[in-house]
Amino acid sequence: MSKALLLKPDLRYLNLDSDMAFYQLSVAELVDEALKNGEGTLADSGALAIDTGNFTGRSPKDRFIVYDDITRDTVFWGDINFKFDQGDFQILFDKMTRYLNNRNYYVRDAYACAHHDYQIGIRVVTETAYQNLFANNLFLRDSGCGEQNVVKKPEWTIIAIPSFLADPVIDGTRQSNFSILDFTRKMILIGGTGYTGEIKKGIFSVLNFILPQQKNTLSMHCSANVGPHGDTAIFFGLSGTGKTTLSADPSRALIGDDEHGWSEDKVFNFEGGCYAKCVDLTQEKEPQIFDAIRYGSLLENINFFDGTNTVDFANIDKTENTRVAYPLDFIDNAKVPSVADAPKNIFFLTADAYGVQSRTSVVNQLVDFLPARLGKVADV
0 MSKALLLKPD LRYLNLDSDM AFYQLSVAEL VDEALKNGEG TLADSGALAI
50 DTGNFTGRSP KDRFIVYDDI TRDTVFWGDI NFKFDQGDFQ ILFDKMTRYL
100 NNRNYYVRDA YACAHHDYQI GIRVVTETAY QNLFANNLFL RDSGCGEQNV
150 VKKPEWTIIA IPSFLADPVI DGTRQSNFSI LDFTRKMILI GGTGYTGEIK
200 KGIFSVLNFI LPQQKNTLSM HCSANVGPHG DTAIFFGLSG TGKTTLSADP
250 SRALIGDDEH GWSEDKVFNF EGGCYAKCVD LTQEKEPQIF DAIRYGSLLE
300 NINFFDGTNT VDFANIDKTE NTRVAYPLDF IDNAKVPSVA DAPKNIFFLT
350 ADAYGVQSRT SVVNQLVDFL PARLGKVADV
């Protein structure tokens, strides 16, 4: 039995009974729990393969931000950022915590931002073991003080319960699934969806809000790597445009594949892992990603070849948005800590299936790139 099983976090601020919590389980323990709970199965590579249920991608129309003194004049409200009432958030929070108190659940303390000057503590409370494994793989597992620290009260808390369904008439949501950010309480509520990307993007939204405003730091949806002479490169583009693939260069050290901050003189990863697309994956085309699919990684919504536990990466019967989540140290040439100098080269990746950007000035290239050259790909 690991030492983590003997530890119990103080969850009184969440109105939760810590006796029901499985806290800081190891990867092996989480995999065993997931298999015992019937959440998934092991692929022949050793990776845990699970299905995320009705949702195989994020649901942007069901993401809300609590409208309060902090967000009233600082959030761009409209078709992307939807307002949510403070009172409705409290009612939903009470319902979710009562719901969890009747069952076992999983708690993980982790961190975001590899640069210590920007690091925040995160507590992830999940209904399922596979969600907790995802949090272990994607967030930073160590602040430099040791993985098994008992955090009295982290800065941000995420509660994710796939089987908890909201009542839109009563709860103020659009439908039964939801993801709601409260910047006053520093809490994220996720319900009605088992798609783990909601957890990842919840914290990304938090950092997108606080870093530019409070730390004069640019938050970026990009991948990044660095060459042997310290020449940092970053790759901008929507999910599916090639950020992860292009940054996985064996001749360069990987900083990260998706979320980064750019301070006055540094680029740093927000995460401690990668969340890579798997569609049509082969060892020949993307050896680093393929080789990272092993025991401890998490496969989402994949299909097996009939009668086997071998993944058929070309099969998209469930979704084109098949994914694998693995820790950064599954990549041999990952840079740890994931911090490097400001970028020397910046690449803009497009999903334009009909041509290429015209040859013109840098300013016009950017104007053209931002609104028009990022075609929608898969349901991410």
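If you read the sequence shown in numbering that gives the first Met the number 0, its first letter stands for residue 0, the second for the next number, and so on. Here a beta-carbon is modelled for each residue, glycine too, at the ideal position from N, C-alpha and C.
- CA-CA distance, residue 323 to residue 9, rounds to 32 Å.
- Under the 10 Å beta carbon count, residue 250 is surrounded by fewer than 16 other beta carbons and is classified as exposed.
- For secondary structure counted as the alpha helix (DSSP H) over 4 or more consecutive residues, the region 3-36 holds these complete runs in sequence order: 26-35.
- In the structure shown, residue 194 falls within a coil segment according to DSSP collapsed to helix, strand and coil.
- Secondary structure of residue 363 (DSSP, three-state): helix.
- Going by DSSP, residue 156 is part of the beta strand (DSSP E) stretching over 155-160.
- Bounds of the alpha helix (DSSP H) holding residue 168 are 167-170.
- Of all C-beta pairs linking the region 258-266 to the region 215-226, three or more are shorter than 8 Å, placing the two stretches in contact.
- In this structure the region 278-290 does not lie against the region 228-235, because fewer than three pairs of beta carbons, one per stretch, are closer than 8 Å.
- Excluding its 5 nearest sequence neighbours in each direction, residue 98 has C-beta neighbours in its own chain below 6 Å: 163, listed in chain order.
- Residue burial is scored here from C-beta neighbours: residue 169 has fewer than 16 other C-beta atoms within 10 angstroms and is therefore classed as exposed.
- Assigned with DSSP and collapsed to three states, residue 80 falls in strand.
- Secondary structure at residue 303: strand, using DSSP grouped into helix, strand and coil.
- The residues 65, 66 and 171, in chain order, have a CB closer than 8 Å to that of residue 84 in the same chain once the five nearest residues on each side in sequence are set aside.
- As DSSP reads the structure, residue 47 sits in a beta bridge with 41 and 297.
- The beta carbon of residue 294 sits closer than 6 Å to the beta carbons of 45 from its chain, once the five residues preceding and following it are set aside; these are given in chain order.
- A distance below 7 Å between beta-carbons, with the five flanking residues on each side excluded, links residue 153 to the following residues of its chain, in chain order: 108, 120, 121 and 122.
- Taking the Cα of residue 209 as reference, the smallest distance to any Cα among 325, 105, 330 and 69 is reached at 69.
- Of the residues 95, 59, 335 and 93, the one whose Cα lies closest to the Cα of residue 81 is 59.
- Selection 330, 13 and 349 evaluated against residue 156 yields 13 as nearest (Cα-Cα).
- By the neighbour-count criterion, in which 16 or more other beta carbons inside 10 Å mark a residue as buried, residue 270 falls on the buried side.
- When the beta-carbon positions are compared, residue 266 and residue 339 come within less than 8 Å of each other.
- Per DSSP, residue 107 is one residue of the beta strand (DSSP E) stretching across 104-111.
- It is roughly 17 Å from the alpha-carbon of residue 199 to the alpha-carbon of residue 49.
- A distance below 7 Å between beta-carbons, with the five flanking residues on each side excluded, links residue 214 to the following residues of its chain, in chain order: 117.
- Residue pairing by DSSP puts residue 258 in a beta bridge opposite 220.
- Of 309, 263, 241 and 290, the smallest CA-CA separation from residue 276 is found for 241.
- Taken through DSSP and simplified to helix, strand or coil, residue 69 comes out as coil.
- DSSP places residue 275 in the uninterrupted beta strand (DSSP E) bounded by 272-276.
- Under the three-state reduction of DSSP, residue 215 is assigned to coil, being neither helix nor strand.
- For residue 252, the closest C-alpha among the options 274, 332 and 61 is that of 332.
- The residue from 71, 211, 274 and 130 with its alpha-carbon nearest to that of residue 183 is 71.
- For residue 291, the three-state secondary structure derived from DSSP is helix.
- As the crow flies, the alpha-carbon of residue 303 is around 15 Å from that of residue 297.
- Cβ contact annotation for residue 344 (same chain, cutoff 6 Å, sequence separation greater than five): 232, in chain order.
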